[in-house]
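Reviewing the structure listed below.
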Amino acid sequence: MRNGVRHVLGAGAGLLATPLIAAGFVSHASLDGWIATSLLAGLMVVIGALAGSRISPLASLLPGLVLGVLAGGFLAGAPWVTPPGVVPLPYEAGYRALLAGWALPVACVLVVASLFPSRWRGAPRPAEPPEPAEPPAPQEEVKVQEPPPLPKRIPSRY
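In short: position in the sequence shown from 1, add 766, done, that's this note's numbering.
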């Protein structure tokens, strides 16, 4: 797969995963019991797939930057992070819990995972086959001396 295609697919995966991660953490705050635990486990699988995949580092960079900017703005007290009426009232507590608790650690994991230079490089292209070498020059045959003749067989007495 070429690098351009890989990065376009990674950007698409990152754009798709960003609201899924946010919605999962927002609804996790309102759930109890094994449903909340299984939702959290599913979110960690998605985050792990974004952080460790060979798709593109854009898949982890985009959600990491969005969550990092939102968490940093919330912790700095920026009014644009929590404007009234953007998040429905039943989910506002979960949204604030996401920004205050989970968003910054998850953002750090996702951004750091995309910083490795090996993730930005594509797969190595196969090397061109080398040109065939010239055949070796014919060598003179070296005459090997024949071994001495074997002695005649001595008949046995038995």
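Quick reminder that beta carbons are idealized off the backbone N, C-alpha and C, glycines included.
Exercise for the section: Counting only the same chain and skipping the five closest in sequence on each side, list residues whose C-beta sits under 7 Å from that of residue 832. Expected result: Scanning its chain for C-beta atoms nearer than 7 Å, with the 5 sequence neighbours on each side dropped, one finds around residue 832 the residues 784, in chain order.
Practice task
Keeping to the same chain, check which residues put their C-beta closer than 8 Å to that of residue 827; ignore five residues upstream and five downstream.
Solution key: Within the same chain, 780, 876, 877 and 880 come within 8 Å of residue 827 by CB-CB distance, once the 5 residues on both sides are set aside.
Exercise for the section: Report the three-state DSSP secondary structure of residue 852 (helix, strand or coil). Expected result: Looking at residue 852 - three-state DSSP - the assignment turns out to be coil, as it is neither helix nor strand.
Exercise for the section: Closer than 6 Å by C-beta to residue 789: which residues in its own chain qualify, once you throw out the five before and the five after it? Chain order, please. Expected result: Answer for residue 789: no residue qualifies.
Problem - residue 924 to residue 905 span [Cα, whole Å] - result: If I take the Cα positions, the gap works out to 53 Å.
Practice task
Helix, strand or coil for residue 770, going by three-state DSSP, please let me know.
Solution key: Assigned with DSSP and collapsed to three states, residue 770 falls in helix.
Handout entry: Proximity below 8 Å, CB of residue 782 to CB of residue 794
Key = At a Cβ-Cβ threshold of 8 Å, residue 782 and residue 794 do not count as neighbours.
Handout entry: Backbone secondary structure at residue 885 - three-state DSSP
Key = Three-state DSSP puts residue 885 in a helix.
Practice task
Answer with buried or exposed for residue 822, where buried requires no fewer than 16 other C-beta atoms within 10 angstroms of its C-beta.
Solution key: Using a 10 angstroms sphere on the CB of residue 822, the tally of other CB atoms reaches 16 or more, which defines it as buried.
Problem - Limits of the alpha helix (DSSP H) - the one that residue 871 falls within - result: Residue 871 -> alpha helix (DSSP H) spans 869-879.
Practice task
Would you kindly report the start and end of the unbroken alpha helix (DSSP H) that includes residue 835?
Solution key: Per DSSP, residue 835 belongs to the alpha helix (DSSP H) from 824-842.
Handout entry: Candidates 869, 883, 914 and 895: closest to residue 786 by CA position
Key = Taking residue 786 as reference, the option from 869, 883, 914 and 895 with the minimal CA-CA separation is 869.
Practice task
Can you have a look at residue 816 and say buried or exposed, based on whether 16 or more other CB atoms are within 10 angstroms of its CB?
Solution key: Result: buried.
Practice task
Look at the alpha carbon of residue 916 and the alpha carbon of residue 902, and state the distance between them as a whole number of angstroms.
Solution key: About 38 Å.
Handout entry: Proximity to residue 882 [Cα-Cα], best of 776, 818 and 769
Key = Of 776, 818 and 769, the residue nearest in Cα terms is 818.
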